[in-house]
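Trainee:
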Amino acid sequence: MMEIISIVALFINAVAAAPPLPPGVSRNTVINWDRPFHGGILGGVYYCDDIKWGKTCLYGAYELAKCHDVPNNWNDIISSFGPDKGTYCFVYEDVNCVGDSRLMQYPGSENLLRQGFNDRISSFSCGGYQE
């Protein structure tokens, strides 16, 4: 009986240690947000259609090691792109994660002109790292 209690306690501690998603967010869900989430969701990505995180922005928690095409209405209009802490992403010029690319790490870029990639993102693929 004590072994079962110990196993249950270990499971509860492991679940409690996992970083929580913000309310209403599940993996692979894109939502509108007025400002970025200040934390570190593995696979969390925030992007906006203007420099300095301006105008309309989207936040999502994405599956790692998988290509994600941006929604059609976001193709080639992203001017700010930022992965959460512990996440890096390659952003690509074309859908299906092909074409010219750039590496983005937290906090990302508030002005993709600096990387020569303003209004060029069509897809991205992310991974995680330990800080």
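Quick note on numbering: the sequence shown equals residues -17 to -1, 1 to 114 in mature numbering (1 follows the signal peptide of the UniProt record, and there is no 0).
For every residue, glycine included, the Cβ atom is placed at its ideal position computed from N, Cα and C.
Quick caveat, the model's predicted, so the values are computed rather than measured.
Alpha carbon to alpha carbon, how far is HIS51 from ASP102?
Mentor: Straight-line Cα distance between these residues: approximately 17 angstroms.
Trainee: Distance, Cα to Cα, GLU46 vs SER106?
Mentor: When rounded, the distance between both Cα atoms is 13 angstroms.
Trainee: Looking at the strands, I want to know which residues DSSP matches up with LEU86.
Mentor: LEU86 is bridged to PHE73.
Trainee: Please go through the same chain and pick out, in chain order, the residues whose beta-carbon is closer than 8 angstroms to the beta-carbon of GLU93, but skip the five residues on each side of it.
Mentor: ILE34, LYS35, TRP36, SER63, GLY65.
Trainee: Excluding the 5 residues preceding and the 5 following VAL74 in the sequence, name in chain order all residues of the same chain whose CB lies nearer than 7 angstroms to its CB.
Mentor: Counting only Cβ-Cβ distances below 7 angstroms, and skipping sequence neighbours, we find PHE64, SER84, ARG85, MET87, PHE100, ILE104, PHE107.
Trainee: Taking the C-alpha atoms as reference points, what is the distance between ILE60 and GLN113?
Mentor: In a straight line, the C-alpha of ILE60 is about 31 angstroms away from that of GLN113.
Trainee: Using DSSP's beta-bridge definition, name the partner residues of CYS80.
Mentor: Paired residue(s): none; CYS80 is not in a bridge.
Trainee: Let me check understanding here. Comparing Cα to Cα, which of VAL81, ASP32, ASN55 lies closest to LEU96?
Mentor: Here the closest residue by C-alpha is ASP32.
Trainee: List the residues that DSSP assigns as beta-bridge partners of ASP33.
Mentor: BP columns for ASP33 point to GLY37.
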